[in-house]
Amino acid sequence: MTEAHPFYDMHEHGFVRIATATPSSRTADVAFNTAGVLAEARKAHDANVDLVVFPELTLSSYAIDDLLLQHALIERVEAALAEVVAASADLHPVLVLGAPLKRADKLYNCAVVIAHGQILGVVPKSFLPNYREFYEKRHFAHGRGCTDLWMALAGEEVPFGTDLIFAAANLPGFRFGVEICEDFWAPVPPGMQAAMAGALILCNLSASPVTIGRADDRHLHCRSSASRAIAAYVYSASGYGESTTDLAWDGQSVIYEMSTLLAQSERFDRAGELTI
1 MTEAHPFYDM HEHGFVRIAT ATPSSRTADV AFNTAGVLAE ARKAHDANVD LVVFPELTLS
61 SYAIDDLLLQ HALIERVEAA LAEVVAASAD LHPVLVLGAP LKRADKLYNC AVVIAHGQIL
121 GVVPKSFLPN YREFYEKRHF AHGRGCTDLW MALAGEEVPF GTDLIFAAAN LPGFRFGVEI
181 CEDFWAPVPP GMQAAMAGAL ILCNLSASPV TIGRADDRHL HCRSSASRAI AAYVYSASGY
241 GESTTDLAWD GQSVIYEMST LLAQSERFDR AGELTI
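Structural data, given as structure tokens:
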């Protein structure tokens, strides 16, 4: 059988296929959450996706309060990351997922970028919400000023900081930066700094509980961020399985290219969902 002509490969025309993933989750059940991540990652692989963005604190879940201060949980998250890294060796997509991680005796709310059996880098959250339902400063250190740093993770020394831009050597223009939830509500979001440093895709891992009007606000922020940065904006929020003790979660995910909405998830879906 003759091979398809390169003309029919979207990468030859400067396109990449992006997805958001909202896996099934359980609060503080790292093993269950890891299985959900790998299930969505395999679906993305089968769909020829190049980049998958998961919600904030994917492996631990977000709404677990002081369980974040338990060493056993953090150790289990690190072991789960090693599991995901090993599995990624056989998967095509770059995975961007959330995890609470310790560096230099400080706990950070992080995005971990994984591809082909390697951790490419770890990006800590810059702006920690500490109002109304949010209490992140009790648990996490902020990532502002964390640049040119490294950390030990899953048996590797990996880049750590808010100054990381990820790029594919074989796909010109496939360059992305990462911010986490509250970061894009800040006056000067880290994503805009990433765009000025050359990122053409901005990824946001979010938890963001739903309130009246919140879905419209997210659309507004994602659209304006994509438009101002002249980039794609990929937003993935936590959904079913997060704790509903105080909050509700809708699993809203959207993908914008500049000011155009390309894809969005079905909100309040109880099953794992991949949006391409």
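The numbering of the sequence shown is full-length UniProt numbering, which starts it at 1 and goes up by one.
Each residue gets a CB set at the ideal place from its N, CA and C atoms; glycine is no exception.
Computed from a predicted structure; not experimentally measured.
Asked: Which residue or residues does DSSP assign as beta-bridge partners of residue 22?; Found: 273
Asked: Note down, one range per segment and in chain order, each beta strand (DSSP E) of at least 3 residues found wholly within the segment 119–206.; Found: 149–153, 156–160, 175–180 and 201–206
Asked: Work out the CA separation of residue 274 and residue 43 for me, nearest whole Å.; Found: 8 Å
Asked: By Cβ distance below 6 Å, which residues in the same chain neighbour residue 113 in space, the five residues on each side in sequence not counted?; Found: 96, 120, 121 and 166
Asked: Any idea if residue 172 is buried or exposed, counting beta-carbon neighbours within 10 angstroms, 16 or more meaning buried?; Found: exposed
Asked: Going along the chain, which unbroken runs of the alpha helix (DSSP H) with 4 or more residues stay wholly within the segment 46–95?; Found: 71–88
Asked: Per DSSP, which one or two residues make a beta bridge with residue 232?; Found: 201 and 257
Asked: Within 8 Å, do at least three Cβ pairs link the segment 28–43 to the segment 250–269?; Found: no
Asked: Please name the residue in 17, 229, 84 and 196 whose C-alpha comes closest to that of residue 51.; Found: 17
Asked: Quick one: is residue 1 buried, meaning 16 or more other Cβ sit within 10 Å of its Cβ, or exposed?; Found: Confidence at residue 1 is low in this model, with a pLDDT of 47, below 50, so the placement of that residue is unreliable and no value is reported for it.
Asked: Since residue 143 and residue 129 should fall inside the 8 Å C-beta cutoff, what is the C-beta to C-beta distance between them, to a whole number of angstroms?; Found: Actually they are not in contact, since the Cβ atoms of residue 143 and residue 129 sit about 14 Å apart, beyond 8 Å.
Asked: Roughly how many angstroms lie between the CA atoms of residue 185 and residue 69, to the nearest whole one?; Found: 26 Å
Asked: Does the pairing of the segment 45–65 with the segment 86–104 give three or more beta-carbon distances under 8 Å?; Found: yes
Asked: Check for me: the beta strand (DSSP E) holding residue 212 runs from which residue to which?; Found: Element bounds for residue 212: n/a, residue is neither H nor E.
Asked: Looking at the secondary structure, which residues open and close the beta strand (DSSP E) in which residue 111 lies?; Found: 106–115
Asked: Tell me which same chain residues have a C-beta within less than 7 Å of the C-beta of residue 11, skipping the five on either side of it?; Found: 171
Asked: Can residue 236 and residue 20 be called in contact, C-beta distance under 7 Å?; Found: yes
Asked: State buried or exposed for residue 217, treating a residue as buried only when at least 16 other CB atoms are found within 10 Å of its CB.; Found: exposed
Asked: Can we say the segment 211–226 touches the segment 59–67, given the rule of at least three CB pairs closer than 8 Å?; Found: no
Asked: Tell me the rounded alpha-carbon separation between residue 140 and residue 206.; Found: 16 Å
Asked: Would you list the one or two residues that DSSP bridges to residue 266?; Found: Paired residue(s): none; residue 266 is not in a bridge.
Asked: Using the three-state DSSP reduction, which class does residue 97 fall into: helix, strand or coil?; Found: strand
Asked: Give me, in chain order, the residues of the same chain whose beta-carbon lies closer than 6 Å to that of residue 110; leave out the 5 immediate sequence neighbours on both sides.; Found: 99, 101, 122 and 124
Asked: Quick one, which of 188, 118 and 133 has its alpha-carbon nearest residue 154's?; Found: 118
Asked: State buried or exposed for residue 46, treating a residue as buried only when at least 16 other CB atoms are found within 10 Å of its CB.; Found: exposed
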